[in-house]
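Student: Residue numbers for the sequence shown follow UniProt numbering, so the first one is 1 and each next one is one higher.
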Amino acid sequence: MHPAAEHSPLGKSSEYISTYTPSLLFPIPRLAKWAELGVSGDALPWQGVDFWNCFELSWLLPSGKPVVAIGEFAIPCDSPNIIESKSFKLYLNSLNQTVFASMAELQACLVNDLSAAAGKPVAVKVSTLAEVEGQGVTASPGQCIDALDVTISNYEQPQPELLRCAADRVVQETVHSHLLKSNCPVTGQPDWGSVVVEYKGRALDHASLLTYLISFRQHADFHEQCVERIYLDLKNLLKPEHLTVYARYVRRGGLDINPYRSTGAISPRNLRLVRQ
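1) At the level of alpha carbons, what is the spacing between S153 and F216?
2) Is it buried or exposed, K12, if we count other Cβ atoms within 10 angstroms and call 16 or more buried?
3) Could you have a look at N81 and say whether DSSP puts it in helix, strand or coil?
4) Nearest to P259 by CA position, among V245, K200 and L204, is which residue?
5) On the DSSP bridge assignment, give the partners of H176 in chain order.
6) Hey, L243 and Y199 are a contact pair by Cβ (cut 8 angstroms); roughly how many whole angstroms apart?
7) Which of the three DSSP states, helix, strand or coil, is assigned to R272?
8) Among the residues of its own chain, which have a CB less than 6 angstroms from the CB of M103, if the five just before and after it don't count?
9) Suppose you measure from the CA of L44 to the CA of D78; what does that come to, to the nearest Å?
10) What residues in its chain sit with their C-beta under 8 angstroms from that of I17, if we drop five residues either side in the sequence?
11) Mind reading off the beta-carbon distance from V111 to P76? Whole number of angstroms is fine, and I expect it under 8 angstroms.
12) What is the residue span of the alpha helix (DSSP H) that H206 lies within?
13) Going by beta-carbon coordinates alone, are I230 and A247 separated by less than 9 angstroms?
14) What residues in its chain sit with their C-beta under 6 angstroms from that of T21, if we drop five residues either side in the sequence?
15) Measuring only the C-alpha atoms, how far is S209 from V150?
16) Please report the residue range of the alpha helix (DSSP H) in which Y231 lies.
17) Exposed or buried, which one is G193 when buried takes at least 16 other CB atoms within 10 Å?
18) Would you say L232 and T138 are within 9 angstroms of each other, going by their C-beta atoms?
19) In three-state terms, what does DSSP make of K12?
20) For V187, which beta-bridge partners are listed by DSSP?
21) Going by C-alpha to C-alpha distance, which of F51, G71, W52 and W46 sits closest to S58?
22) Mapping the DSSP letters down to three states, classify V132 as helix, strand or coil.
23) Does DSSP put A166 in a helix, a strand or coil?
24) Please work out which residues of its chain come closer than 6 angstroms, Cβ to Cβ, to residue 278, disregarding the five sequence neighbours upstream and downstream, and give them in chain order.
25) Grouping DSSP H, G and I as helix and E and B as strand, with all else coil, what is D42?
26) Between the alpha carbons of L60 and V68, how many angstroms are there, rounded?
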């Protein structure tokens with residue numbers, strides 16, 4: 001468990017506060033988890049963003065009439081802190097009985113509070129339900145590897161030694177799997193996700209990738225660190241010209257978390273999958 005998470009509201013009984021309380025946000029420094037991966041915060045081997053989507057966003061107009069909307073939050077992957085997910089939800093709940101004159105006023109408030117907690121500017125987009133309905137859902141890009149016939153013997157700890165590639169053949173491809181699962185390091189609750197790997201490098205053996213991804217099944221870690229571990233293990237193996245790894249996780253408590261990591265600058269679209 002991350003030492004800071006022990007002091008967060010995660011896994012504890014919490015009072016429902018329905019009026020604006022930004023102090024509910026609980027930042028957790030990324031440095032400790034980066035150190036576990038052998039990564040320095042001064043020279044990160046990736047670029048990217050963490051997309052959070054909130055499906056339980058509501059506030060009051062000056063007339064007292066409630067509004068519901070959907071929020072999108074883009075947290076830079078090199079921000080000093082992640083925001084602990086339950087504290088994020090509690091903070092959003094504190095807006096439920098709070099008056100905002102307009103959606104723009106709410107959005108400015110969210111930008112200010114979330115940026116302060118993350119330690120770096122957070123981009124916020126608040127959308128109406130009609131706007132999001134019009135976007136629909138999308139399919140994961142590339143080839144799905146889930147139908148491959150593999151034998152699994154480990155579920156407790158990610159095993160990069162399972163990964164295989166053809167050192168004498170370079171390919172450019174995109175593959176994905178919907179079989180990613182890990183557990184919350186605090187509560188032990190399951191986190192379900194779909195992972196996409198886009199790369200140009202040594203040809204990755206798809207069956208070995210699937211076996212490796214399934215080895216996360218009982219592993220306890222936050223969403224962001226799972227994706228960063230996958231990214232680093234593939235980067236070390238494939239020696240790629242380009243590599244992007246991202247996961248689209250199923251929401252819990254009205255929030256889904258979607259970390260993106262890449263060797264270069266990316267401008268990903270925050271597109272929902274069918275399980276989201």
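For each residue, glycine too, the CB sits at the ideal point set by N, CA and C.
Remember, predicted model here, so these are calculated numbers, not experimental data.
Tutor: Based on what the coordinates show:
1) 12 angstroms
2) Any reading at K12 must be qualified, since the residue scores a pLDDT of 48, below 50, and its modelled position is unreliable; the value itself is stated next. So K12 counts as exposed.
3) Strand at N81.
4) Minimum Cα distance to P259 is reached at V245.
5) DSSP, once it has assigned bridges, lists C144 and V196 as partnering H176.
6) Indeed they touch by this definition, with Cβ atoms about 4 angstroms apart.
7) coil
8) V126
9) 8 angstroms
10) Cβ within range, chain order: L24, L90, N93 and S94.
11) So it is not a contact: roughly 13 angstroms between Cβ atoms.
12) Here the alpha helix (DSSP H) through H206 covers H206 to I214.
13) yes
14) Within its own chain, the residues whose Cβ lies closer than 6 angstroms to the Cβ of T21, once the five positions on either side in sequence are excluded, are S94, listed in chain order.
15) Residue identity check: residue 209 is Leu in the sequence provided, not Ser. Distance between the alpha carbons of L209 and V150: 10 angstroms.
16) H223 to L238
17) buried
18) no
19) For K12, the predicted model reports a pLDDT of 48, less than 50, meaning its position is unreliable and no value from the coordinates is stated.
20) Strictly speaking, residue 187 in this sequence is Thr, with Val absent from that position. None, per the DSSP bridge assignment.
21) S58 has its Cα closest to that of G71, out of F51, G71, W52 and W46.
22) helix
23) strand
24) Because the chain spans 1 through 276 in this model, residue 278 falls outside it and cannot be assessed.
25) coil
26) 9 angstroms
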